[in-house]
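Asker: Right, I'll just put the structure down here and ask away after.
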Amino acid sequence: MPKTRHAPMPLDQVLREHVLLLGHDERTPEHTHTRGHLVYPATGVLSLVTSVGSWIAPSNRVVWIPAGFAHQHRAHGQTDMRIVFLAPSLAALLPAHPAVLVMTPLAREAALALTGSEHRSAGARSRLRRVIIDDVATAPEQPLHLPEPHDDRLRAVVALVEEGMSSPLTLGELGHRVGASERTLSRLFQQETGMTFPQWRTQLRVHHALLLLAADVSVIHTATACGWANPSAFINAFTALVGQTPGQYQRVLRDDAKTVRQGGNRRSGHVR
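If you're matching positions, the sequence shown starts at 89 in this note's numbering and goes up one per residue.
See below:
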């Protein structure tokens, strides 16, 4: 059962850049903030969970959460979260909805510097935020959103797919199990998620693959566990969504974790 991390002060009152360290499978309570903010997992993999679906971000991505959007964070592996709140003028440069964006090396170093020391002047912190936003605001939005369906029949299908990630069951076969026709389910998937069922299932499998690869599971075993017929099909689907091969993704995670450890700037608490 996931463990819930309770912050030392109400999360909806935290408005300074800070570091939050979560252990594997820990999650925060659902909360909102009055300012939009970026959440960068310097190590580990982070899920953003909302009523409209989930987003997933490894350490070469950053999560953007607009002001007032209720959400939870869930950690996969030991996760070092760097949280940067933005003034409305900077937040206006980012999407009006939650998103996962590319974190360039420059923006990454600025985020680590901003959240790694409490002794920087207000002017220095402002300049670092500007560096981050200049890079992130022009970064492409990543297709790492998994919409959450609300129809009971779709929820039943989702549960079956999640329980049998490697199962090759078709939508028609799943429909037989939940008492709905393939045509009805196909229409509902398009209406509620904006995706076809094959697109949605591929997205789910890639989400699951991101977590397995972050746990150092091999590419071959990940492909099998997530339901791909062979490693080549997995590599092609993963690369199309994530923008790098599974092997490249694992190397980046290892390098990022090493950089943070060597930097010695992991610090829990709030920057004053």
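Don't be surprised by glycine CBs; every beta carbon is placed ideally from N, CA and C.
Quick caveat, the model's predicted, so the values are computed rather than measured.
#1: Can you grab the Cα-Cα spacing for the pair SER320 / LEU292, in whole Å?
#2: Could you say which of VAL190, PRO228, VAL172, LEU182 lies nearest to GLY204 if we only look at CA atoms?
#3: Work out the CA separation of VAL190 and PRO176 for me, nearest whole Å.
#4: Apart from the five residues on each side of it in sequence, which residues of its chain come closer than 7 angstroms, Cβ to Cβ, to HIS125?
#5: Report back the beta-carbon spacing between LEU202 and ARG213 to the nearest angstrom; my notes put them in contact at under 8 angstroms.
#6: Return the chain-ordered ranges of every beta strand (DSSP E) run that is complete within the region 244-288 and spans a minimum of 3 residues.
#7: In the DSSP assignment, find the beta strand (DSSP E) that holds LEU110 and state where it starts and stops.
#8: Please classify HIS159: does DSSP put it in a helix, a strand, or coil?
#9: What does DSSP give as the partner residues of ARG149 in its beta bridges?
#10: Starting from HIS309 and walking both ways along the alpha helix (DSSP H), at which residues does that stretch end?
#11: So what's HIS296 in DSSP terms, helix, strand or just coil?
#12: Starting from THR122, trace the beta strand (DSSP E) in both directions and tell me its first and last residue.
#13: So does the region 180-196 actually touch the region 264-274, counting three or more Cβ pairs closer than 8 angstroms?
#14: Looking at the unbroken alpha helix (DSSP H) that takes in LEU232, where does it start and where does it end?
#15: If I measure Cβ to Cβ from THR290 and keep anything under 8 angstroms in the same chain, skipping five residues before and after, which residues do I get?
#16: Would you mind giving the Cβ-Cβ distance between ALA234 and HIS164, rounded to the nearest angstrom? I have them listed as a contact below 8 angstroms.
#17: For the alpha helix (DSSP H) containing PRO319, name the first residue and the last one.
#18: Tell me whether the beta-carbon of ALA317 lies closer than 8 angstroms to the beta-carbon of LEU300.
Answerer: Here's the rundown:
#1: Within the sequence shown, numbered from 1, the residue matching residue 320 stands at position 232. Within the sequence shown, numbered from 1, the residue matching residue 292 stands at position 204. Rounded to the nearest angstrom, the gap between the Cα atoms of SER320 and LEU292 is 18 angstroms.
#2: The residue labelled residue 204 in the question sits at position 116 within the sequence shown. With distances taken between Cα atoms, GLY204 lies closest to VAL172.
#3: What you label residue 176 is simply residue 88 of the sequence shown in a count that begins at 1. What you label residue 190 is simply residue 102 of the sequence shown in a count that begins at 1. Distance between PRO176 and VAL190, taken at the CA atoms: about 21 angstroms.
#4: Position 37 of the sequence shown, counting from 1, holds the residue named residue 125. Hits under 7 angstroms: ILE153, ILE171, VAL172, PHE173, LEU174.
#5: Here residue 202 is taken as the residue at index 114 of the sequence shown, counted from 1. Here residue 213 is taken as the residue at index 125 of the sequence shown, counted from 1. Going by Cβ atoms, the distance from LEU202 to ARG213 rounds to 6 angstroms, so yes, they are a contact pair.
#6: For the region 244-288, not a single whole beta strand (DSSP E) run of length 3 or above is found.
#7: Counted from its first residue, the sequence shown places residue 110 at position 22. Where LEU110 is concerned, the enclosing beta strand (DSSP E) stretches over 106-110.
#8: Looking up residue 159 in the sequence shown gives position 71. Three-state result, HIS159: strand.
#9: Against the sequence shown, residue 149 aligns to sequence position 61. DSSP lists VAL190 as partners of ARG149.
#10: Within the sequence shown, residue 309 is the residue found at index 221, counting from 1. DSSP places HIS309 in the uninterrupted alpha helix (DSSP H) bounded by 307-313.
#11: As a working note, residue 296 is residue 208 in the sequence shown. Secondary structure of HIS296 (DSSP, three-state): helix.
#12: For the purposes of this step, residue 122 is taken as residue 34 along the sequence shown, with counting starting at 1. Unbroken run through THR122: none, as it is neither H nor E.
#13: A contact between stretches requires three or more CB pairs, one per stretch, nearer than 8 angstroms, and the region 180-196 fails this requirement with the region 264-274.
#14: The residue you call residue 232 lines up with position 144 of the sequence shown. For LEU232, no alpha helix (DSSP H) run applies, since DSSP gives it neither H nor E.
#15: Counted from its first residue, the sequence shown places residue 290 at position 202. Cβ-Cβ distances below 8 angstroms link THR290 to ALA325, LEU329 in the same chain, with the five nearest sequence neighbours on each side left out; the list follows chain order.
#16: For the purposes of this step, residue 234 is taken as residue 146 along the sequence shown, with counting starting at 1. For the purposes of this step, residue 164 is taken as residue 76 along the sequence shown, with counting starting at 1. The residue asked about is misnamed: residue 234 is Leu in this sequence, not Ala. About 14 angstroms separates the beta carbon of LEU234 from that of HIS164, a gap too long to meet the 8 angstroms contact definition.
#17: Here residue 319 refers to the residue found at position 231 of the sequence shown. Element bounds for PRO319: 319-330.
#18: By one-based count along the sequence shown, residue 317 stands at place 229. By one-based count along the sequence shown, residue 300 stands at place 212. No, they are not a contact pair.
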